Amino acid sequence: MQTYGKFSPTRCYHAAVRTPVVLSFSGGKDSTLALDRLIADPRYEVVALLTTVNARYQRASLQGIRRELLEAQADALGFPLRVVELPDPCPNEAYEAAMMAALEAFAREGVRTFAFGDIFLADVRRYREERLLRADWEAVFPLWGESSTVLAREVIERGFRAVVTCVDTHQLAPEFAGRTYDAAFLADLPPGVDPCGERGEFHTCVIGGPIFPRPLDVLLGEHVLREERFLFCDLLLAGPVERRAFGTSAA
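For reference, each letter of the sequence shown is one residue, going 634 to 884 in this note's numbering.
1) What three-state label does DSSP hand I600 in the structure shown?
2) Assign S780 to buried or exposed, taking buried as 16 or more other Cβ atoms, counted over all protein chains shown, within 10 Å of its Cβ.
3) For the structure I just gave you, are there three or more beta carbon pairs, one from the segment 848-868 and one from the segment 790-803, closer than 8 angstroms?
4) If we call anything under 8 angstroms between Cβ atoms a contact, is G841 one with R791?
5) Leaving aside the five residues before and after F753 along the sequence, list all residues of the same chain whose C-beta is less than 8 angstroms from its C-beta, in chain order.
6) For the candidate residues E834, L714 and P653, whose alpha-carbon lies nearest to that of E808?
7) Please identify the residue among L671, C723 and R759 whose C-alpha is closest to the C-alpha of A693.
8) What are the complete beta strand (DSSP E) segments, minimum 3 residues, inside the segment 823-852?
9) Got a sec? Which residues, its chain only, sit under 7 angstroms from A871 by beta carbon, not counting five neighbours each side?
10) What is the DSSP secondary structure of S664, reduced to helix, strand or coil?
11) If you draw a straight line from the C-alpha of P713 to the C-alpha of A681, how long is it?
12) Can you tell me where the alpha helix (DSSP H) holding A795 begins and where it ends?
13) Measuring straight from C-alpha to C-alpha, what distance separates T636 and R741?
14) Can you tell me the Cα-Cα spacing of V874 and N725, whole angstroms?
15) Rounding to the nearest angstrom, what Cα-Cα distance links A748 and R651 in this structure?
16) Are the beta-carbon atoms belonging to I844 and D815 less than 8 angstroms from one another?
17) For D867, report the span of its beta strand (DSSP E) as first-last.
18) Alpha carbon to alpha carbon, how far is R644 from V679?
19) Classify H803 as buried or exposed, calling it buried when 16 or more other Cβ atoms lie within 10 Å of its own Cβ.
20) Taking Cβ positions only, does L710 come closer than 8 angstroms to chain C?
21) Secondary structure at P807, three-state DSSP: helix, strand or coil?
22) Determine the contact status of S659 and L695, defining contact as a CB-CB distance below 8 angstroms.
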């Protein structure tokens with residue numbers, strides 16, 4: 634029988650204490666903080682991380698994070714990673730079909746709880762809950778209802794290390810792409826921009842922090858503008874010799 638991490642259906646039934654849960658993982662600060670919450674919650678046992686990538690580019694669609702970097706994150710965190718490849722372009726019907734196929738595989742192992750890092754967008758939460766309910770799944774939101782300002786400070790004060798990998802230039806200046814997510818970044822955000830980027834103003838990639846036994850070595854790569862709107866800063870895993878200080882500017 635296949636198992637995910639330390640979880641097995643038999644163990645769950647005998648213990649009858651912790652609910653096995655899969656986390657929707659983007660590699661960004663919100664999903665990483667949601668993972669931190671779940672690890673500390675005695676009601677749940679995280680058995681796997683689930684992420685989606687564009688099948689053509691092998692990157693997370695919103696964050697632009699390379700697949701190999703997502704895999705390195707999961708490996709450093711110590712959790713199995715299930716990668717769902719999405720077509721390009723990806724109509725909503727194709728997205729839902731791919732996600733349901735992935736969840737059916739988990740359901741066969743006795744897992745029926747899916748966690749998300751959403752904070753306050755009610756329409757997004759409603760969509761997730763409705764789709765999962767149809768498949769007899771439960772959705773949980775470890776960060777729901779918390780203050781974005783408080784969460785942003787928590788990320789920084791607890792030592793999570795993140796870089797801004799994508800900026801919506803219709804909402805935020807392109808100069809924010811590639812910056813370290815720190816107190817200076819938050820202080821420079823213009824009024825109206827959510828400090829967690831919950832409305833899609835920006836996206837991040839976490840490379841270290843209190844739940845990482847070891848940080849990831851990364852290099853800042855090129856900046857690429859997509860759809861005349863979204864500016865991506867590429868992140869690459871650094872080799873053992875070539876290194877550059879995290880957070881420095883890139884051409």
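A virtual CB, placed ideally from N, CA and C, is assigned to each residue, including glycine. All values reported here derive from a predicted model rather than from experimental measurement.
A quick look at the data gives this:
1) No answer is possible for residue 600: it lies beyond the span of the chain, which begins at 634 and ends at 884.
2) exposed
3) yes
4) no
5) W777, G778, S781 and E831
6) E834
7) C723
8) 835-841
9) D850, V851 and L852
10) helix
11) 5 angstroms
12) It is not in any alpha helix (DSSP H) - A795 instead sits in the beta strand (DSSP E) that spans R794 to D801.
13) Here T636 scores only 45 on pLDDT, less than 50, and its place in the model is too uncertain to base an answer on.
14) Legend: pLDDT at V874 = 32, less than 50; position of this residue unreliable, value from coordinates given subsequently. Computed Cα separation, rounded: 43 angstroms.
15) 14 angstroms
16) no
17) F863 to L870
18) The predicted position of R644 is uncertain, since its pLDDT is 43 and thus under 50; a value taken from the coordinates is nonetheless stated next. Taking the straight line joining both Cα atoms gives about 14 angstroms.
19) exposed
20) Looking at the structure shown, chain C is missing, and only one protein chain is on hand.
21) helix
22) yes
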